[in-house]
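What follows is one structure encoded as structure tokens, with my remarks underneath.
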């Protein structure tokens, strides 16, 4: 019995000794670790771990709201960035539009296209310029001119029923008031460049279109972002297989529904102008480039772009027989509260410079 007890004690002591030995090694490693890693190093490790958690959180948040890059309407430098703003003495807000190059005009297969919108040609605007964030309002017009010719009265609505000649008078008085010569109407090219904001679709927010898929024609929203879709929702699902005989009107309606979110037009305006800035802006932050009121630009009217300037300047002078018979016409852009199909970025129209219309206003450019 005594021998057995002694053996048990020896075995226990041996196990204890072995345990102490192992624990000593572990404490030794910990001690060396404390010598190697200073408190600053340990703090760095803790911050790194915390930062890693935050980074994962950011990734998770981004994944929840992620939009595939191909669907964004502005994959180009300068779009939707913190643009430099300018506000003048009568409260006009201007955004700095960056220099750049774009294709002006519309392709032959664009909906409701007119021949005067072509041919498509490249325009290189080598300078930045300020463009009105909003259309000129009745309040701003009254402050400069002392009257308000508009039919649809309200200080916060765009001024309308003003002729091109009257707009030139307004510009002269505003320049004198501000002590500058920098205010003017944009050229057609400057206007379309700013309206498109890097897009090539009929509208700056994208376009529903039929494309050929592996199994046949499918609906696709070209250059669309989640912000593109109108207040009344989607009329079709992207990738839906379609029959062309029954779908063309559906596509037209889908594009009009998207237009609702960006423009006042025949389908949502109540047949009158509406206060400025109520709809979504284009990718460069400009409001009402589609709809509300047509906007006078500087150019004389020409029936096509065959010999148009390619540097962004306005195109002055006559247009053959049209000039001889009717005299000078001036161009206006952007569509109005009236027709949805007139709100495309490339659409151009014209009137006599002394003509007035309750759907016709303007926005100003200020040179840098």
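Numbering (the working numbering), first residue to last: 3 to 370.
Beta carbons are placed, not taken as given, at the ideal position from N, Cα and C, and that holds for glycine.
### Message
My output table needs one value for residue 144: the three-state DSSP class, helix, strand or coil.
### Response
helix
### Query
Any contact of the segment 345 to 357 with the segment 164 to 180, i.e. 3+ C-beta pairs under 8 Å?
yes
### Task
Please confirm whether residue 95 and residue 134 have their CB atoms less than 9 Å apart.
yes
### Task
Could you have a look at residue 344 and say whether DSSP puts it in helix, strand or coil?
helix
#### Entry: Spatial distance of residue 363 from residue 146 (CA atoms)
15 Å
### Task
Give a yes or no on whether the C-beta atoms belonging to residue 97 and residue 90 are separated by under 9 Å.
no
### Query
Where does residue 259 land, buried or exposed, given buried means 16+ other C-beta within 10 angstroms?
buried
### Query
Going by C-alpha distance, which of 253, 339, 280 and 279 is nearest residue 269?
339
### Query
Shortest alpha-carbon distance to residue 312 belongs to which of 106, 180 and 101?
106
### Task
Tell me where the beta strand (DSSP E) around residue 351 begins and ends.
350 to 353
### Message
Just to confirm the assignment, what range does the alpha helix (DSSP H) spanning residue 172 have?
### Response
166 to 180
### Message
Assuming contact is defined by CB atoms lying nearer than 9 Å, are residue 346 and residue 301 in contact in what I supplied?
### Response
no
### Query
Any idea what DSSP makes of residue 99, helix, strand or coil?
strand
### Query
Mind checking whether the beta-carbon of residue 331 lies closer than 8 Å to any heavy atom of the ligand FMN?
Questions concerning the ligand FMN fall outside what the structure shown contains, since it holds no ligand whatsoever.
### Task
Using three-state DSSP, classify residue 357 as helix, strand or coil.
coil
### Query
Looking at C-alpha atoms only, which residue of 288, 213 and 366 is the closest neighbour of residue 253?
213
### Message
Among the candidates 370, 351 and 113, whose CA atom is the shortest distance from the CA of residue 361?
### Response
351
### Task
Kindly list the residues whose CB is nearer than 6 Å to the CB of residue 190, restricted to its own chain and excluding five residues on each side of it in sequence; keep chain order.
299, 301 and 333
### Task
Taking residue 342 and residue 261 to be in contact with their CB atoms under 8 Å, please state how far apart those CB atoms are, rounded to whole angstroms.
6 Å
### Task
Return the CA-CA distance between residue 118 and residue 279, expressed in angstroms with no decimal places.
30 Å
### Message
I need the straight-line Cα distance from residue 158 to residue 113, nearest angstrom please.
### Response
32 Å
#### Entry: residue 112, DSSP secondary structure in three states
coil
#### Entry: Same chain, Cβ closer than 8 Å to residue 110, five either side skipped, listed in chain order
120
### Message
Let's see if you can read the secondary structure: which residues bound the alpha helix (DSSP H) around residue 195?
### Response
190 to 198
### Message
Here's the rule I'm using: 16 or more other beta-carbon atoms within 10 Å means buried, otherwise exposed. How should residue 216 be labelled?
### Response
exposed
### Query
Considering only the beta carbon of each residue, do residue 284 and residue 204 sit closer than 9 Å?
no
### Task
Can you give me the start and stop residues for the beta strand (DSSP E) that residue 89 sits inside?
87 to 89
#### Entry: Nearest-angstrom beta carbon gap, residue 136 and residue 290 [assumed within contact, 8 Å]
7 Å
#### Entry: Buried versus exposed call for residue 153 [16 or more other C-beta atoms within 10 Å across all chains shown]
exposed
### Message
Given this structure, state the Cα-to-Cα distance separating residue 265 from residue 365, to the nearest angstrom.
### Response
16 Å
### Own chain residues within Cβ distance below 6 Å of residue 129, not counting five before or after
101
### Query
From the DSSP output, which residues share a beta bridge with residue 333?
352
### Query
Can you tell me the Cα-Cα spacing of residue 367 and residue 220, whole angstroms?
41 Å
### Message
Just to confirm before moving on: does the CB-CB distance between residue 141 and residue 93 stay below 9 Å?
### Response
yes
### Message
Tell me the rounded alpha-carbon separation between residue 281 and residue 315.
### Response
29 Å
### Reduced DSSP secondary structure (H/G/I, E/B, other) of residue 107
coil
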